[in-house]
Amino acid sequence: MGKRVVITGVPGVGKTTVINKGLEILLAEGVTYESINFGTFMFETAVQDGLVRDRDEMRRLDRTIQKRLQKNAAAAIGKNEGNIIIDTHCSVKTPKGYLAGLPEWVLRELNPDTIILVETDEDQILMRRLNDPTRVRDMDSAKEILEHQQFNRSLSAAYAVITGCTVKIVKNQDYLLERAAADMAAVLR
Amino acid sequence: MGKRVVITGVPGVGKTTVINKGLEILLAEGVTYESINFGTFMFETAVQDGLVRDRDEMRRLDRTIQKRLQKNAAAAIGKNEGNIIIDTHCSVKTPKGYLAGLPEWVLRELNPDTIILVETDEDQILMRRLNDPTRVRDMDSAKEILEHQQFNRSLSAAYAVITGCTVKIVKNQDYLLERAAADMAAVLR
Amino acid sequence: MGKRVVITGVPGVGKTTVINKGLEILLAEGVTYESINFGTFMFETAVQDGLVRDRDEMRRLDRTIQKRLQKNAAAAIGKNEGNIIIDTHCSVKTPKGYLAGLPEWVLRELNPDTIILVETDEDQILMRRLNDPTRVRDMDSAKEILEHQQFNRSLSAAYAVITGCTVKIVKNQDYLLERAAADMAAVLR
Chain A
886 MGKRVVITGV
896 PGVGKTTVIN
906 KGLEILLAEG
916 VTYESINFGT
926 FMFETAVQDG
936 LVRDRDEMRR
946 LDRTIQKRLQ
956 KNAAAAIGKN
966 EGNIIIDTHC
976 SVKTPKGYLA
986 GLPEWVLREL
996 NPDTIILVET
1006 DEDQILMRRL
1016 NDPTRVRDMD
1026 SAKEILEHQQ
1036 FNRSLSAAYA
1046 VITGCTVKIV
1056 KNQDYLLERA
1066 AADMAAVLR
Chain B
886 MGKRVVITGV
896 PGVGKTTVIN
906 KGLEILLAEG
916 VTYESINFGT
926 FMFETAVQDG
936 LVRDRDEMRR
946 LDRTIQKRLQ
956 KNAAAAIGKN
966 EGNIIIDTHC
976 SVKTPKGYLA
986 GLPEWVLREL
996 NPDTIILVET
1006 DEDQILMRRL
1016 NDPTRVRDMD
1026 SAKEILEHQQ
1036 FNRSLSAAYA
1046 VITGCTVKIV
1056 KNQDYLLERA
1066 AADMAAVLR
Chain C
886 MGKRVVITGV
896 PGVGKTTVIN
906 KGLEILLAEG
916 VTYESINFGT
926 FMFETAVQDG
936 LVRDRDEMRR
946 LDRTIQKRLQ
956 KNAAAAIGKN
966 EGNIIIDTHC
976 SVKTPKGYLA
986 GLPEWVLREL
996 NPDTIILVET
1006 DEDQILMRRL
1016 NDPTRVRDMD
1026 SAKEILEHQQ
1036 FNRSLSAAYA
1046 VITGCTVKIV
1056 KNQDYLLERA
1066 AADMAAVLR
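The listed protein sequences correspond, in order, to chains A, B and C. Once you know that position 108 of the first sequence is 993 in the numbering used here, the rest is easy, because the numbers rise by one and skip nothing. Once you know that position 70 of the second sequence is 955 in the numbering used here, the rest is easy, because the numbers rise by one and skip nothing. Once you know that position 153 of the third sequence is 1038 in the numbering used here, the rest is easy, because the numbers rise by one and skip nothing.
This is the structure we're talking about:
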C-alpha cells in the first residue's frame, strides 16, 4: 500500500508550484506519486455518470447528491494502491462561510496518512493575489487571509483526530521555494 | 426543507441584538425564520416530561440524562421543516473548562446548514461586559475573552467537519451594528 | 464511577511537576487519583502480549497493529472505576507532522470527563528546554512551540466535540507553580 497525502493551501499560496518542485526532487530519487485533483476527479466522475455536463451544473446540484458524489469520488481515490497526492482545499470560502474540504464522509473514504498545509504570511499571499492578473473576484484583506489560514489549521486538527493522519505545515515563503519543495519532499519521501 | 442556522457568540458580544436586527431586514423582504433558544427549548421539554421543575434541577441532572435530554431536544428541533435559527453557545465556560455547546450527539440531530459565530475584538467585549449592570459574576480579562473566542473557532471547525455545514464569522463591532445585521441577513437570505 | 482526566502539555512545559504538586494538594484533602501514563501502559500491555520486547520495536510496528494496541490500552484504562489521571500527549511532533495523541478510536474508549492542557508562553518553554541537559534532539524555535501549542488547542476542541468532555487550560508560568498546581487541583477536586 502506497502513501496517501492530501495537499492543501489557500488560493495564491503557491501550492501547485511547491507540489511540482517537490515531485521533481523525488522523481530524481526514483520515488513517484500519482497526483489527483479532487475537484476535477469528482467532476469527471459526475460527467461519466451522466449527472452533469459542466461545472456550473455541478455547483447547482442538490446538497444530498453533492455529498454522494464526494463520497463516491473519495472512495474511488481511496482504492488506489500506489503513492498518491490528493490536491484539494482544506476549506472553501463561500458567501455562506467556510466549507470544509474534507467533511467526515470524504475523510473516512480517503483515509490519508498525512495532510500538508502549504502556508505563508498573509501579506505575502495578499501581494501574490494582487499580482495575479487572472484573479478578478473580490479581494480578501490580509486579516481575512490570516483568518482563513487559521481556520484551516483548526479544520486539519479535526481531520487528524478522525483519521489519525499527521498534519504537516510547509511554509512557502517569498524567495524560499527551494526550501518549501525540500520540506514537502521530506514528507513524501 | 428550510434553512437551519445555528447562531453563537460569547456573552456580551451582542448576539441577540444582531439576530433581531438581521431578522428585521429579512422580514421586510418577506423571509421569515423561527427563532429557537436551544437551552430554553431543552428545559421546557424536560419540564413537560416531568424530569425537572426548575433550571437548578436541570444543572444537577446526571451526565447521562443531560446527554439524552440534549439529544432529544436536538432531534425535535431537527424535525422542523421551515427556516430556523437556533440560538445557542458554541461553548460554555465552566469551572472545569470549556464545554462544547454542540457535542456530536447534538450536532448529528440538528444537522445545521450554517453556524454563525458573532465576534468582535476582545476589548470591546470586555467593555460591554463592564457596562452591563446585570452581570455580577467573575469577570474574564481581555486575554481570556480572546482565548474563548479562539476556542470557539476551533470548535466550529470540528462542527463543520462532522456535519458539512459552513462556518461564517460575523463581526459585531462598536458603532457597526447595521453592518453586522446586514452580514447576518446575507447568510440567512 | 470516578473522574477521568487527561493531562497533556508540550515537552518542557512542566506537566509532571504540576501533576505531582496538584495531587499533593488533593491528597491532603483525602482525594486520591491513580496516575496512568498512556504510552507506558500501552507498551507494557504489548510486552505482556508478546508483541514487542522494547520501545524501538514498538515504534516499528505496522500502523494497523499500533492502532489496535492504542485502542486496547484505551479500553483497559476506560474500565477503571476510580479517579484516574491519564498522562499523555495532545499531539506528538513527528517528522511527518503533528500526530493526534487521542485519535477517535482512543477517545471513544477513554471517554474522559476533562482534558487539561498545561501551557505557558512559548519563550518560557524554549528557555526550559535550553536548560534541560537531557534534551539532545533538534530544538524548536519559539514560533514553532507557539504553533504546537495552538495546534493542541485545536485538537482539544475536536476531542471536546466527540466526547463532550470539558477542556481546561492551566498555565504553568515561571515562578507560579503553586498557582498552576492550585488550578489543577480545582479541576480534579
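For each residue, glycine too, the CB sits at the ideal point set by N, CA and C. The structure displayed is predicted, hence computed values, not measured ones.
In its chain, beyond the 5 residues on either side, SER976, TYR983 have a beta carbon closer than 7 Å to the beta carbon of B/PHE1036. The C-beta distance from B/THR973 to B/PHE923 rounds to 4 Å, short enough to meet the 8 Å contact threshold. Chain-order list of chain A residues neighbouring B/ALA1042: SER976, TYR983, ALA985, PHE1036, ASN1037, ARG1038, SER1039, LEU1040, SER1041, ALA1042, ALA1043, by C-beta distance under 9 Å. For the segment 989-1003 of chain B, the beta-carbon criterion of a distance under 7 Å to any beta-carbon of chain A is satisfied by THR999. Between the segment 1049-1060 of chain A and the segment 1025-1033 of chain B there are fewer than three inter-stretch CB-CB distances shorter than 8 Å, so the stretches are not counted as touching. Rounded to the nearest angstrom, the gap between the Cα atoms of C/ASN1016 and C/GLY887 is 38 Å.
For C/VAL916, the closest Cβ of chain B is not nearer than 9 Å. For the segment 1046-1060 of chain B, the beta-carbon criterion of a distance under 9 Å to any beta-carbon of chain C is satisfied by VAL1046, ILE1047. If you ignore the 5 residues before and after A/SER1041, its C-beta comes within less than 7 Å of the C-beta of CYS975, ILE1000, LEU1002, VAL1052, all in its own chain and listed in chain order. The three-state secondary structure of B/TYR1044, taken from DSSP, is helix. In the three-state reduction of the DSSP assignment, C/THR1051 falls in the strand class.
When only Cα atoms are considered, C/ALA1066 and A/TRP990 end up about 42 Å apart. Assignment of C/ARG889 by DSSP, reduced to helix, strand and coil, places it in the strand class. Cβ-Cβ distances below 6 Å link C/ALA1045 to VAL1052 in the same chain, with the five nearest sequence neighbours on each side left out; the list follows chain order. At a cut-off of 9 Å between C-beta atoms, B/VAL903 does not count as an interface residue with respect to chain A. In the three-state scheme derived from DSSP, where H, G and I count as helix and E and B as strand, A/THR973 is classed as coil.
Taking C-beta separations shorter than 8 Å and ignoring five residues to either side along the sequence, the partners of C/GLN955 in its chain run MET927, PRO988, TRP990, VAL991, following chain order. The shortest CA-to-CA distance from B/GLY1049 to any of B/ASP939, B/LEU1073, B/ASP998 is the one to B/ASP998. DSSP places C/VAL1072 outside any beta strand (DSSP E); the residue lies instead in the alpha helix (DSSP H), whose first and last residues are 1062-1073. Burial is judged here by how many other beta carbons sit within 10 angstroms of a residue's own beta carbon; A/SER1026 has fewer than 16 and is exposed. Judged by DSSP secondary structure, B/GLU966 falls outside any alpha helix (DSSP H); it is assigned neither H nor E. Under the DSSP assignment, B/GLU914 falls outside any beta strand (DSSP E); it carries neither an H nor an E label. For A/ALA1071, the C-beta contacts it makes with chain C under 9 Å involve PRO980, LYS981, in order along the chain. Looking at the DSSP output, B/GLY982 sits in a beta bridge with B/THR979. Per the C-alpha coordinates, the member of C/ARG889, C/ARG993, C/VAL895, C/LYS900 positioned closest to C/LEU1062 is C/LYS900.
For B/PRO980, the closest of C/ASP1068, C/LEU946, C/ARG889 by C-alpha to C-alpha distance is C/ASP1068. Cβ contact annotation for B/ILE969 (same chain, cutoff 8 Å, sequence separation greater than five): GLY887, LYS888, ARG889, VAL890, TYR918, GLU919, SER920, ILE921, ILE962, in chain order.
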